[in-house]
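Q:
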Amino acid sequence: MTSLRYSLAALALIGATQSAVAADNLDIIVPFAAGGATDIVARSFEPTFSQQLGVTSVVRNVAGASATVGTAEVANSEGNPNIIGYEPAGALTIQPSLKKLPYGPDSFTYICRTVSNPMFLMVSKSSDITSFKQLVKESQDQPFLYGSSGPGTLPHLAMAATVVNSDLKAEHIPYSGSGPAMNALAGNEIQIMADTETILENYDLRPLAVFAGHRLEGYDDVPTIEELGLPELDFAVWQGVVAPKGISDERAQQYADACKATVESDKFKTFADKAKAGIAYLGPDDFKAFVEKRFEANKQVLKDAGLTQ
Amino acid sequence: MDVILAAIGDAFTWQALLAIVIGTWAGIIIGGLPGLGSVVGLTIFLPFTFGMDVITSMALLIGVYCGSVYGGSITAILINTPGTPQSAATVFDGYPMTQQGRVDEALGWATFASFFGGVLSCVLLIFCAPQLAKFAVNFGSIEVFALVCLAMLCIVGISRGSLLKGLVCGMMGFFFSMVGSDPITGADRFTFGTYALSSGLDLIPVVVGAFALSEVFVRFSARDEEATTIPEARLRFPSWREIGRRLIELVRGSFIGSFVGALPGTGAAAAAFISYAAAQKLSPRRANLGKGEPDGIIASESSNNAVTGSAFIPTLALGIPGDVVTAMMMGAMVIHGITPGVRLMADQAQTVYALFVVLIIVNVAMLILSKPSIGLFRYLFKLPLGFVMAGIVMFSFIGAVSVRGNPLDLVVAALTGILAYVLRRGGYPLAPLVIGMVLGPALESSLRRGLLISRGDFFSFFTHSGIATTLFVLIALFLIWTVAAGVLEWRAKVAARREASSAQPVSE
Chain A
1 MTSLRYSLAA
11 LALIGATQSA
21 VAADNLDIIV
31 PFAAGGATDI
41 VARSFEPTFS
51 QQLGVTSVVR
61 NVAGASATVG
71 TAEVANSEGN
81 PNIIGYEPAG
91 ALTIQPSLKK
101 LPYGPDSFTY
111 ICRTVSNPMF
121 LMVSKSSDIT
131 SFKQLVKESQ
141 DQPFLYGSSG
151 PGTLPHLAMA
161 ATVVNSDLKA
171 EHIPYSGSGP
181 AMNALAGNEI
191 QIMADTETIL
201 ENYDLRPLAV
211 FAGHRLEGYD
221 DVPTIEELGL
231 PELDFAVWQG
241 VVAPKGISDE
251 RAQQYADACK
261 ATVESDKFKT
271 FADKAKAGIA
281 YLGPDDFKAF
291 VEKRFEANKQ
301 VLKDAGLTQ
Chain B
1001 MDVILAAIGD
1011 AFTWQALLAI
1021 VIGTWAGIII
1031 GGLPGLGSVV
1041 GLTIFLPFTF
1051 GMDVITSMAL
1061 LIGVYCGSVY
1071 GGSITAILIN
1081 TPGTPQSAAT
1091 VFDGYPMTQQ
1101 GRVDEALGWA
1111 TFASFFGGVL
1121 SCVLLIFCAP
1131 QLAKFAVNFG
1141 SIEVFALVCL
1151 AMLCIVGISR
1161 GSLLKGLVCG
1171 MMGFFFSMVG
1181 SDPITGADRF
1191 TFGTYALSSG
1201 LDLIPVVVGA
1211 FALSEVFVRF
1221 SARDEEATTI
1231 PEARLRFPSW
1241 REIGRRLIEL
1251 VRGSFIGSFV
1261 GALPGTGAAA
1271 AAFISYAAAQ
1281 KLSPRRANLG
1291 KGEPDGIIAS
1301 ESSNNAVTGS
1311 AFIPTLALGI
1321 PGDVVTAMMM
1331 GAMVIHGITP
1341 GVRLMADQAQ
1351 TVYALFVVLI
1361 IVNVAMLILS
1371 KPSIGLFRYL
1381 FKLPLGFVMA
1391 GIVMFSFIGA
1401 VSVRGNPLDL
1411 VVAALTGILA
1421 YVLRRGGYPL
1431 APLVIGMVLG
1441 PALESSLRRG
1451 LLISRGDFFS
1461 FFTHSGIATT
1471 LFVLIALFLI
1481 WTVAAGVLEW
1491 RAKVAARREA
1501 SSAQPVSE
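Protein chains in written order, with this note's numbering: chain A, 1 to 309; chain B, 1001 to 1508.
(1) Given this structure, state the Cα-to-Cα distance separating PRO1314/B from PRO1321/B, to the nearest angstrom.
(2) Given that ASN1138/B touches chain A, what residues does it touch there, using C-beta distances under 7 Å?
(3) Let's test the definition: count the other Cβ atoms within 10 Å of the Cβ of VAL1208/B and tell me whether it reaches 16, buried, or not, exposed.
(4) May I ask you to report which of helix, strand or coil DSSP gives LYS239/A?
(5) I believe ALA65/A touches PHE120/A by the beta-carbon criterion, under 8 Å. Please report the beta-carbon distance rounded to the nearest angstrom.
(6) Would you kindly work out how many angstroms separate the C-alpha atoms of ALA1006/B and GLN1350/B, rounded to a whole number?
(7) On the DSSP letters alone, give me the boundaries of the beta strand (DSSP E) that ALA170/A sits inside.
(8) In this structure, how does DSSP classify GLY1180/B when only helix, strand and coil are distinguished?
(9) Could one say the Cβ of PRO1321/B lies closer than 7 Å to chain A's Cβ atoms, at least one of them?
(10) Name the two residues that bound the continuous beta strand (DSSP E) containing VAL59/A.
(11) With burial defined as no fewer than 16 other Cβ atoms inside 10 Å of the residue's Cβ, what is the status of GLY1436/B: buried or exposed?
(12) With a threshold of 6 Å on Cβ separation, who are the neighbours of MET1328/B within its own chain once the five nearest residues in sequence on each side are excluded?
(13) Considering only the beta carbon of each residue, do PHE61/A and VAL237/A sit closer than 7 Å?
(14) Taking buried to mean at least 16 other C-beta atoms within 10 Å of its own C-beta, is ILE1418/B buried or exposed?
(15) Please return the same chain residues whose Cβ sits closer than 8 Å to the Cβ of ARG1234/B, not counting the five positions on each side in sequence.
(16) If the cut is a Cβ gap below 7 Å, which residues of chain A does MET1453/B touch?
(17) So is THR1482/B in contact with chain A if we call contact Cβ pairs under 7 Å?
(18) Which chain B residues sit within Cβ distance under 9 Å of ARG60/A?
(19) Quick one: give me the first and last residue of the beta strand (DSSP E) that ARG1378/B is part of.
(20) Residues of chain A with a CB under 9 Å from the CB of ARG1449/B: which are they?
(21) With DSSP run on the structure shown, which of helix, strand or coil describes ARG1246/B?
(22) Suppose you measure from the CA of ASP204/A to the CA of GLY1319/B; what does that come to, to the nearest Å?
(23) Have a look at GLY1009/B and ILE1044/B and give me their C-alpha separation to the nearest angstrom.
(24) Using a beta-carbon distance cut-off of less than 8 Å, what residues from the region 1170 to 1192 of chain B approach chain A?
(25) Under 9 Å between beta-carbons, which chain A residues line up against GLY1200/B? List them in chain order, please.
(26) Could you tell me which of ALA1016/B, HIS1336/B, GLY1071/B sits nearest to PRO275/A, measuring between CA atoms?
(27) Along the chain, where does the alpha helix (DSSP H) that runs through THR1075/B open and close?
(28) Which same chain residues end up closer than 6 Å to ILE1155/B when comparing Cβ atoms and leaving out the 5 residues on each side of it in sequence?
(29) Taking C-beta pairs closer than 9 Å, name the residues in chain A that SER1445/B reaches, listed in chain order.
(30) Please identify, using Cβ separations under 7 Å, the residues of the region 275 to 306 of chain A that lie next to chain B, in order along the chain.
(31) So, does the CB of GLN18/A fall closer than 7 Å to a CB anywhere in chain B?
(32) Note down, in chain order, all residues in the region 1068 to 1101 of chain B with a beta-carbon under 8 Å from any beta-carbon belonging to chain A.
(33) Examine chain A for any beta-carbon lying closer than 7 Å to the beta-carbon of TYR1195/B, and answer yes or no.
(34) Taking the C-alpha atoms as reference points, what is the distance between GLU252/A and GLY1023/B?
(35) Would you say GLY85/A lies against chain B (beta-carbon separation less than 7 Å)?
(36) With 8 Å as the limit, tell me which residues of the region 218 to 240 of chain A have their beta carbon closer than that to any beta carbon of chain B; keep them in chain order.
Spelled out as structure tokens, the structure:
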């Protein structure tokens, strides 16, 4: 019994110190585990951003359920001026159409978009397919398999939209991330994958098309999806900063100014260059309009592909 | 050759060596504290590396990683609670040895096996990385399914005495792993309409509850003071003769670990279970396994530390991280301008070789630092039992919540602790629960992906590839062997009883 009393006392002591430390810090929620692609950008964004705001901030990883758990935490902190989320595209513009979530696209105060990288449609370099036309033709006898980093992710949506809008015959196999999907592509378990330039550069891949409105610098011979006779499909992996609803306009303006200054800082630019993250700043109003547009477009793709509930 | 010499020069700077010592030591301590494991350790140290150069920062992180995998075995042996899930298989023989008063021997074997596995996998990494990577690519979903099935058979081995109870726990773990998002369709399942459950049950809170918290409950409820005291931690390295006698066990465990580590999506916990299952069939002292046999510790610890080296094979050679830990390492490399991928070996050979050298130094550092680390645990565990137990509860909860910052995980850890206590009281083995939880997601998603690829034809799995066929044949042999051994044992028992009853016909 003595030992039980000891441990209760010790636990109570520990609890007390913890609550004494908590003060007016800014919480930056990253809805992925530490060390992931989004987390790395967020952690490079944080120092300059806090300096601009003049606060101490803490990057908090709240991972799970395709980044919706962390995102929901931001949405549920209505009126709290000390929490923001560093958000990926999927949690804001895809997941709300896929399942019942405690938030939607109108649950946030939009601050800024930071980076954006368009996606490519790619096959393995070891395959003999060199054009989208050839890909479509060869898929007629035996449908191809395309991989993704999970159900309802951008690589999934980009390919689902391509299949719906063209004669390409291909079926979806989801993996638990881009890495495992690349392993499957190398072993010819799947044949097609849509992902960003980082993936394209790091593995033996051949780009057949780019999901953007215009050809990209450095990839001048890769046609856009529209040039291939499909409707314009715009799929990019982007990240942005959101705050909960109900914060003061003044606070929102402070965030927006700090974000703009951070994205334009040399420190962040150097990092983005190294990590191959394309800086693509959008201010509060543009970002809001962008998210709404992407939300509707993705909803349509999900509907066409029969993925909405 | 010049590249290798230059790489050795890069690794033997005072900054790198200091980083190795700090990282490895911190790793051992973090790994030893229940609940805090490799991921938490790396999360703590990752921000410190932002200002360092690439070799120093990788030295720190590799030290933390390797140290934490070894550290988990210390508490597994001392207090029946694996510090990390990777060391869950060390408990089977480690704790019985402690109860028999052979703590020093158990810790010695765990330390030496960890060192041996780590170094052997480094050597393999240096000489065979490209070949192993190429081979790993042939492991598609169907091959992974076959391998995971083989690993699942480990449940049969460790629930000796009551297979049914073992299977019940295994299925329970498997079911726990299914809560949350469906890996193929993304739909929520088994969440009972609760949004909080849609992120699923994480492994760490369940392991913490099943081992650490239930152990605390068991110790509190024990009336007998003797049973609750923690023996003094001591370390005695095995002699060369003993090592020679068990060399084959060390080599087998290390090879299994190296190989499993090179496959994406498996990891050290799975490797340890597979290796333990192999020891149960192949060790000459297999009859004693589970009752305090060093071979069990060797099987578990040599294989889980061999994973630390070989997990870098897919990461460095293909840019494909095998598990969460290597994914974090890869993230750290990207920050420092090294992009793992097919061209890394050609473009940055010197950096890659320097990493290999660092890995070997880390393993040596681990061997040297094992003694002071265990000394520290000796002091910690000398505190009044109540403080020790309170500390375990505290670290368990910190570990449970720090993995993904989800408060639900605290509830999960607490409820699993209570459930595990009840199960232990009923004589149910807990390890199958963890095995089900570790292997469940891999089993399910590889099976369902395989079915998508074969267009719904399960029987084509058996003939999908040479590797798959081989693995399925091994599974069949394992099953036949187990059943045959069971029948023989049963017949021997019946015969013995008949003899006994015919010898004394009138008694009773």
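Positions of the beta carbon are idealized from the N, C-alpha and C atoms, including for glycine. These numbers were taken from a predicted model, which means no experiment stands behind them.
A: By the coordinates alone:
(1) Your numbering for residue 1314/B matches position 314 in the second sequence. Your numbering for residue 1321/B matches position 321 in the second sequence. C-alpha separation (whole angstroms): 6 Å.
(2) To locate residue 1138/B, count along the second sequence from 1; it is residue 138. Simply GLY187.
(3) Residue numbering aside, residue 1208/B sits at position 208 when the second sequence is read from its first letter. Its Cβ being crowded by 16 or more others within 10 Å, VAL1208/B is buried.
(4) The residue labelled residue 239/A in the question sits at position 239 within the first sequence. It should be pointed out that residue 239/A corresponds to Gln in this sequence rather than to Lys. Three-state result, GLN239/A: strand.
(5) The sequence position of residue 65/A within the first sequence is 65, counting from 1. The sequence position of residue 120/A within the first sequence is 120, counting from 1. Not really, about 28 Å apart at Cβ, beyond 8 Å.
(6) Counting from 1 along the second sequence, the entry for residue 1006/B is found at position 6. Counting from 1 along the second sequence, the entry for residue 1350/B is found at position 350. Approximately 7 Å, taken between the alpha carbons.
(7) One-based indexing of the first sequence puts residue 170/A at position 170. Start and end: 170 to 174.
(8) The residue you call residue 1180/B lines up with position 180 of the second sequence. In this structure, GLY1180/B counts as strand in the three-state DSSP scheme.
(9) The residue given as residue 1321/B occupies position 321 in the second sequence. It does; some Cβ of chain A falls within 7 Å.
(10) For the purposes of this step, residue 59/A is taken as the residue at position 59 of the first sequence. Residues 57 to 61.
(11) In the second sequence, residue 1436/B corresponds to position 436, counting from 1. Looking at its Cβ environment, which holds 16 or more other Cβ atoms inside 10 Å, GLY1436/B is buried.
(12) Along the second sequence, one-based indexing puts residue 1328/B at 328. The residues are LEU1042.
(13) As a working note, residue 61/A is residue 61 in the first sequence. As a working note, residue 237/A is residue 237 in the first sequence. The question names Phe, but residue 61/A in the sequence shown is Asn. Against a cut-off of 7 Å, the Cβ pair of VAL237/A and ASN61/A comes out as no contact.
(14) Residue 1418/B sits at position 418 when you count from the first residue of the second sequence. Counting Cβ neighbours within 10 Å, ILE1418/B comes out exposed, since fewer than 16 surround it.
(15) Counting from one through the second sequence, the residue named residue 1234/B turns up at place 234. Excluding sequence neighbours, ARG1234/B sits near VAL1103, ASP1104, LEU1107, ILE1374, ARG1378.
(16) Start at 1 with the first residue of the second sequence, and residue 1453/B comes out as number 453. Checking the sequence, you will find Ile at residue 1453/B rather than Met. Those within 7 Å of ILE1453/B in chain A are LEU145, ILE173, GLU189.
(17) In the second sequence, residue 1482/B corresponds to position 482, counting from 1. Chain A, which has no Cβ nearer than 7 Å to the Cβ of THR1482/B, makes this no.
(18) Locating residue 60/A in the first sequence gives position 60, counting from the first residue. GLY1405, listed in chain order.
(19) To locate residue 1378/B, count along the second sequence from 1; it is residue 378. That residue, ARG1378/B, is in no beta strand (DSSP E); its alpha helix (DSSP H) goes 1349 to 1380.
(20) Stepping through the second sequence from its first residue, residue 1449/B is reached at position 449. Neighbours of ARG1449/B on chain A, chain order: ILE173, PRO174, TYR175, ALA184, GLU189.
(21) Your numbering for residue 1246/B matches position 246 in the second sequence. Coil, per DSSP.
(22) Numbered from its first residue, the first sequence carries residue 204/A at position 204. Numbered from its first residue, the second sequence carries residue 1319/B at position 319. For ASP204/A and GLY1319/B, the distance between alpha carbons rounds to 11 Å.
(23) Working through the second sequence from its first residue, we reach residue 1009/B at position 9. Working through the second sequence from its first residue, we reach residue 1044/B at position 44. For GLY1009/B and ILE1044/B, the distance between alpha carbons rounds to 28 Å.
(24) GLY1180, SER1181, ASP1182, PRO1183, ILE1184, THR1185, GLY1186, ALA1187, ASP1188
(25) Within the second sequence, the letter at position 200 stands for residue 1200/B. Here the neighbours are GLY64, ALA65.
(26) On the first sequence, residue 275/A is found 275 positions in, with the first residue counted as 1. Here residue 275/A is Ala; the residue named in the question, Pro, does not match the sequence. With distances taken between Cα atoms, ALA275/A lies closest to HIS1336/B.
(27) On the second sequence, position 75 is the one that residue 1075/B refers to. Segment 1054 to 1079, the alpha helix (DSSP H) holding THR1075/B.
(28) What you label residue 1155/B is simply residue 155 of the second sequence in a count that begins at 1. Only GLY1166, GLY1170, PRO1432, ILE1435 meet the Cβ criterion.
(29) Position 445 of the second sequence, counted from the first residue, corresponds to residue 1445/B. Going along chain A in sequence order, the residues near SER1445/B (Cβ under 9 Å) are PRO174, TYR175, SER176.
(30) ALA275
(31) Numbered from 1 along the first sequence, position 18 holds the residue referred to as residue 18/A. Reliability of the predicted coordinates at GLN18/A is poor, the pLDDT of 44 falling under 50, and the value obtained from them is presented with this limitation in mind. Cβ-Cβ to chain B under 7 Å: no for GLN18/A.
(32) none
(33) Here residue 1195/B is taken as the residue at index 195 of the second sequence, counted from 1. TYR1195/B counts as touching chain A.
(34) As a first step, residue 252/A is located in the first sequence; it is residue number 252 there, counting from the start. As a first step, residue 1023/B is located in the second sequence; it is residue number 23 there, counting from the start. Here residue 252/A is Ala; the residue named in the question, Glu, does not match the sequence. Looking at the two C-alpha atoms, the distance is approximately 41 Å.
(35) What you label residue 85/A is simply residue 85 of the first sequence in a count that begins at 1. No, because no Cβ of chain B sits closer than 7 Å to the Cβ of GLY85/A.
(36) none
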